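Novice: Residue numbers (this note's numbering): 51 to 440. Even for Gly, the Cβ is constructed at its ideal location relative to N, Cα and C. Remember, it's a predicted structure, so these values are computed and weren't measured experimentally. The structure follows.
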Ligand SMILES: Cc1ncc(COP(=O)(O)O)c(C=O)c1O
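Following this line, the structure appears as structure tokens:
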């Protein structure tokens with residue numbers, strides 16, 4: 051058995067997790083020095099910091115003035131569920147699901163909310179469902195970027211401009227790294243722990259005018275926990291969208307989120323953030339096209355995510371393994387990379403087909419992706435050689 055010697059250069063930052071994602075280049079604990087610790091988030095300086103997160107996020111993302119943006123508890127899950135619990139039930143619902151997170155929202159709608167006029171438009175890992183099947187007279191819930199399959203919607207052209215239903219979009223692994231058509235999205239959610247490399251626990255919830263209108267005209271048939279309550283006496287609680295959070299946020303996380311936003315502005319704003327992610331994807335794309343043992347899990351190039359870049363192993367030896375053998379070999383590959391200190395958290399999501407998932411969001415440097423790629427070849431060669439010899 052011959053195993054090639056390992057490459058000599060490791061990525062400077064070997065963090066390629068799809069969440070929490072890599073901190074921005076140059077991040078250190080110093081950025082937290084001005085955190086408002088031990089003070090009330092409802093005191094003037096605390097509220098100002100929360101409002102600053104909202105304002106900087108709005109500006110960076112180019113959100114329309116009339117769209118409300120608030121900080122909500124429970125990270126992206128909290129934001130999506132607050133929207134689903136508050137808005138659904140007024141009309142039929144189309145749920146799009148092509149990977150684990152979309153499937154989780156289907157479970158919420160069907161089993162928790164008990165919505166009966168529900169259509170699930172599904173596809174397997176690697177594919178997008180038939181977007182043409184979405185009916186604009188119904189509400190639709192979907193993820194912009196399916197983090198666990200690396201399949202994203204290519205654009206919002208499939209969403210009717212004259213729709214009567216609401217579009218509720220989980221954009222947590224897309225926001226800041228991909229353009230979002232605000233005119234087509236009535237609700238958009240994300241968390242701090244993704245593209246800007248912030249901390250988990252807090253979610254962002256954007257509500258367009260049609261979503262606000264629904265909030266003020268529809269009373270859900272199910273109980274609404276305090277954490278999901280976005281209205282007060284039948285009208286939208288605007289204070290939430292000015293920094294008066296529903297419950298207590300972590301001011302340490304707030305400080306860190308502000309650092310990420312300021313960094314994003316310094317590097318050139320949204321176009322630069324998108325370009326950084328696209329450059330990371332391009333480096334992987336070049337390598338995939340020159341490498342015979344891997345391919346993208348996303349079949350259609352137009353649907354390939356530039357953030358959660360999911361790869362399948364197509365080597366004939368790997369393909370011939372039984373399912374458990376494939377899962378074990380892919381896990382071993384990720385472990386070898388971790389032990390070598392060359393790449394952390396690059397294994398596929400637990401519910402996805404065995405393979406690799408490399409985060410290429412905006413905080414990741416292309417030079418680090420380029421440094422990782424020879425390690426992937428080396429680690430695969432080593433796992434294959436060891437398993438063939440066993
Ligand atoms: C598409 C998508 N939705 C929801 C979530 C859940 O996010 P959080 O754990 O921040 O609530 C994730 C996390 O990876 C995700 O990728």
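What is the C-beta distance between residue 211 and residue 237, in whole angstroms, given that I count them as a contact (C-beta under 8 Å)?
Specialist: Reading the chain shown from its first residue, position 161 is the one you call residue 211. Reading the chain shown from its first residue, position 187 is the one you call residue 237. Not quite, the Cβ-Cβ distance comes to about 17 Å (not below 8 Å), so this is no contact.
Novice: By the DSSP assignment, the alpha helix (DSSP H) with residue 309 in it spans what residues?
Specialist: Taking the chain shown and counting its residues from 1, the one referred to as residue 309 is at position 259. Segment 301-316, the alpha helix (DSSP H) holding residue 309.
Novice: Using only the alpha-carbon positions, how far apart do residue 415 and residue 439 sit?
Specialist: By one-based count along the chain shown, residue 415 stands at place 365. By one-based count along the chain shown, residue 439 stands at place 389. Computed Cα separation, rounded: 36 Å.
Novice: Which of the three DSSP states, helix, strand or coil, is assigned to residue 64?
Specialist: Reading the chain shown from its first residue, position 14 is the one you call residue 64. In this structure, residue 64 counts as coil in the three-state DSSP scheme.
Novice: Identify which residue in 265, 355, 364 and 315 has its Cα closest to the Cα of residue 345.
Specialist: Start at 1 with the first residue of the chain shown, and residue 345 comes out as number 295. Nearest option by C-alpha distance: 364.
Novice: Taking the straight line between their C-alpha atoms, what separation do you get for residue 120 and residue 256?
Specialist: Position 70 of the chain shown, counting from 1, holds the residue named residue 120. Position 206 of the chain shown, counting from 1, holds the residue named residue 256. C-alpha separation (whole angstroms): 7 Å.
Novice: Using 7 Å as the cut-off, classify the Cβ of residue 69 as near or not near the heavy atoms of ligand 1, replying yes or no.
Specialist: Stepping through the chain shown from its first residue, residue 69 is reached at position 19. Yes, since a heavy atom of ligand 1 falls inside the 7 Å radius drawn around the Cβ of residue 69.
Novice: In whole angstroms, give me the CA-to-CA distance for residue 147 and residue 124.
Specialist: Counted from its first residue, the chain shown places residue 147 at position 97. Counted from its first residue, the chain shown places residue 124 at position 74. Each residue's alpha carbon lies about 21 Å from the other.
Novice: By DSSP, does residue 260 sit in helix, in strand, or in coil?
Specialist: On the chain shown, residue 260 is found 210 positions in, with the first residue counted as 1. Helix, per DSSP.
Novice: Note down, in chain order, each residue of its chain lying with its Cβ closer than 8 Å to the Cβ of residue 136, except the 5 sequence neighbours on either side.
Specialist: Position 86 of the chain shown, counted from the start, is the residue given in the question as residue 136. Hits under 8 Å: 265, 270, 274, 278, 279, 280 and 281.
Novice: If you count every other CB in all the chains shown that lies within 10 Å of the CB of residue 410, and 16 or more means buried, which is it?
Specialist: Counting from 1 along the chain shown, the entry for residue 410 is found at position 360. That one is buried.
Novice: Name the two residues that bound the continuous alpha helix (DSSP H) containing residue 339.
Specialist: Within the chain shown, numbered from 1, the residue matching residue 339 stands at position 289. Residues 319-339.
Novice: Quick one: using the 10 Å Cβ neighbour count with 16 as the cut-off for buried, is residue 418 buried or exposed?
Specialist: Residue numbering aside, residue 418 sits at position 368 when the chain shown is read from its first letter. Burial call: buried.
Novice: Return yes when at least one heavy atom of ligand 1 lies under 7 Å from the C-beta of residue 401, else no.
Specialist: The count along the chain shown starts at 1 and reaches residue 401 at position 351. Not under cutoff, so the answer is no.
Novice: Under DSSP, the alpha helix (DSSP H) around residue 126 begins and ends at which residues?
Specialist: By 1-based counting over the chain shown, the position of residue 126 is 76. Here the alpha helix (DSSP H) through residue 126 covers 125-137.
Novice: Could you tell me if the beta carbon of residue 250 falls within a distance shorter than 7 Å of some heavy atom in ligand 1?
Specialist: In the chain shown, residue 250 corresponds to position 200, counting from 1. Within the cutoff, so yes.
Novice: In whole angstroms, what separates the C-alpha of residue 101 from that of residue 192?
Specialist: By 1-based counting over the chain shown, the position of residue 101 is 51. By 1-based counting over the chain shown, the position of residue 192 is 142. Approximately 28 Å, taken between the alpha carbons.
Novice: Buried or exposed, going by whether 16 or more other CB atoms sit within 10 Å of the CB of residue 187?
Specialist: Within the chain shown, residue 187 is the residue found at index 137, counting from 1. Residue 187 comes out exposed.
Novice: With distances taken Cα to Cα, identify the nearest neighbour of residue 307 among 245, 155, 329 and 294.
Specialist: Counting from 1 along the chain shown, the entry for residue 307 is found at position 257. Nearest C-alpha to residue 307: 245.
Novice: Tell me which residues share the same chain as residue 134 and place their Cβ nearer than 8 Å to its Cβ, disregarding the 5 neighbours each side in the sequence.
Specialist: Your numbering for residue 134 matches position 84 in the chain shown. Excluding positions up to five away in sequence, the list reads 155, 158, 159, 163, 191 and 218.
Novice: Work out the CA separation of residue 194 and residue 389 for me, nearest whole Å.
Specialist: As a working note, residue 389 is residue 339 in the chain shown. As a working note, residue 194 is residue 144 in the chain shown. Looking at the two C-alpha atoms, the distance is approximately 33 Å.
Novice: Along the chain, where does the beta strand (DSSP E) that runs through residue 358 open and close?
Specialist: One-based indexing of the chain shown puts residue 358 at position 308. From DSSP, the beta strand (DSSP E) with residue 358 extends over 358-363.
Novice: Mind checking whether residue 224 and residue 323 have CB atoms under 8 Å apart?
Specialist: Residue 224 sits at position 174 when you count from the first residue of the chain shown. Residue 323 sits at position 273 when you count from the first residue of the chain shown. Not in contact: residue 224 and residue 323 (Cβ atoms no closer than 8 Å).
Novice: Nearest-angstrom Cα distance between residue 276 and residue 68?
Specialist: Here residue 276 refers to the residue found at position 226 of the chain shown. Here residue 68 refers to the residue found at position 18 of the chain shown. Whole-angstrom Cα-Cα distance: 30 Å.
Novice: Once DSSP output is grouped into helix, strand and coil, what is the label at residue 350?
Specialist: The residue labelled residue 350 in the question sits at position 300 within the chain shown. In this structure, residue 350 counts as coil in the three-state DSSP scheme.
Novice: Output the boundary residues of the alpha helix (DSSP H) element that contains residue 104.
Specialist: One-based indexing of the chain shown puts residue 104 at position 54. Element bounds for residue 104: 94-111.
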